[in-house]
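Structure first, then comments.
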Amino acid sequence: MLIIDSPSTNAYFNIASEEYLLYKYPKEDIFLLYVNAPSIIVGKFQNTLAEINLDYVREQQIKVVRRMSGGGTVYHDTGNLNFSFHTLLGTNDFMDFSQFTQPVIAMLNKMNVPARLEGRNDLLVDGKKFSGNAKLAKNGKMIQHGTILLNSQMNVLAEAIKVNPLKFVDKAVKSNRARVTNLIDYLPENTTTEILKQLLIGEMLQNNTGAGIYQFTEEDIEGIEKLVAEKYNTWDWNYGSSPNYNFKKAVKIPAGFIELHLDVDKGVIEKVKIFGDFFASRPIEELEKALAGRRHDVDHIEQLLSSTDLTGYFGKVTVAEILELFK
1 MLIIDSPSTN AYFNIASEEY LLYKYPKEDI FLLYVNAPSI IVGKFQNTLA EINLDYVREQ
61 QIKVVRRMSG GGTVYHDTGN LNFSFHTLLG TNDFMDFSQF TQPVIAMLNK MNVPARLEGR
121 NDLLVDGKKF SGNAKLAKNG KMIQHGTILL NSQMNVLAEA IKVNPLKFVD KAVKSNRARV
181 TNLIDYLPEN TTTEILKQLL IGEMLQNNTG AGIYQFTEED IEGIEKLVAE KYNTWDWNYG
241 SSPNYNFKKA VKIPAGFIEL HLDVDKGVIE KVKIFGDFFA SRPIEELEKA LAGRRHDVDH
301 IEQLLSSTDL TGYFGKVTVA EILELFK
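Numbering (UniProt numbering), first residue to last: 1 to 327.
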């Protein structure tokens, strides 16, 4: 088993490293640990925009990354330790999460934390979740990865993944917002993610004969960064890979009431309808047509609106007022 402590706190890099390792080491067992700077990690089958508070995420410069596995959306920051097991798929029950959560439970139980696996894939203490886990099967291997909330910023977590459920109608997998807790409430106050990381590495070395520490080489880092540039730091993967959805939002501004309806396919606007009690000197269908075919991406849409005479469609309005419809 290769035990890897990622040198990076960049979520793009760390999520990409899982895919890189899948193909670089197709036969080896791997245990990867990493800590991310503030970021939101979205499940493969989720509608990203329906899982995040876009305004808050942009304002706080929180990275948004889609992972390879299914499951729900999670928030990462430097108070959160992440672990990832890679093993041959074999004949193990794919839906059994117990084997690869056991080292975490064992470590915490030794620290007098009454952690246990409950439900399908969550680790709880006193009925509150501190770890969510997800799986994927690819290239003959299975990856199971999870989080450990130690001292995460709960106020940021709550705000970053808070979204208006009325804005989206889709068939994407929705996140289940469970009661969560930080383990720091059950541990000495000087406990850090680095301390937990070293304890978990010790647990793995003790119980896995032949396990050893592996450090990313320059070749590894170059390969991972290439994958970041080509996939994990792209709009196409993080937003465009979302399932089809319908989007609806309304605003009340001095120019009147305006309501927007969008049909979106793979992140691209297919159909637009704009309703309201505003006064227009130009056919609103012109703007609807101009919007069709564009990404449902605020920056992308802002470019169009900034180069358009919006007064002809809505009267006296600002770009910011109309842009609010698309968030």
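Idealized CB from N, CA, C, for every residue including glycine.
For the segment 35-105, the full-length alpha helix (DSSP H) segments reaching 4 residues or more read 54-59 along the chain. Residues of the same chain with a CB within less than 6 Å of the CB of Ala-37, apart from the 5 flanking positions on each side, are Thr-9 in chain order. Taking a cut-off of 8 Å for Cβ pairs, the segment 150-158 and the segment 180-193 touch, as three or more such pairs fall below it. The beta carbon of Pro-26 lies closer than 8 Å to those of Asn-139, Gly-140 and Lys-141 in the same chain, with the five residues before and after it left out. Counted as a single uninterrupted DSSP element, the alpha helix (DSSP H) harbouring Leu-22 occupies residues 11-24.
With fewer than 16 other Cβ atoms inside 10 Å of its own Cβ, Pro-283 counts as exposed. Exposure of Ala-320 is indicated by the presence of fewer than 16 other C-beta atoms within 10 angstroms of its C-beta. In the structure shown, His-145 adopts extended strand secondary structure according to DSSP, grouped into three states. For Asn-155, the secondary structure class from DSSP, reduced to helix, strand or coil, is helix. Taking a C-beta distance under 8 Å as the contact criterion, Ala-160 and Asn-53 qualify as a contact pair. According to the DSSP assignment, Leu-187 belongs to no alpha helix (DSSP H), since it is labelled neither H nor E. Rounded to the nearest angstrom, the gap between the Cα atoms of Glu-324 and Pro-114 is 46 Å. According to DSSP, residue pairing for Glu-118 in a beta bridge involves Asp-122. Under the three-state reduction of DSSP output, Gly-240 falls in the helix class.
For the pair Asn-14 and Asn-82, the Cα-to-Cα distance works out to about 10 Å. Under the three-state reduction of DSSP, Ile-161 is assigned to coil, being neither helix nor strand. Excluding the 5 residues flanking it on each side, Lys-266 has same chain C-beta neighbours closer than 6 Å at Gly-240, in chain order. For Ser-306, the enclosing alpha helix (DSSP H) has its first and last residue at 298-306.
Taken through DSSP and simplified to helix, strand or coil, Asp-220 comes out as helix. Residue pairing of Asn-133 in beta bridges, as defined by DSSP: Gly-146.
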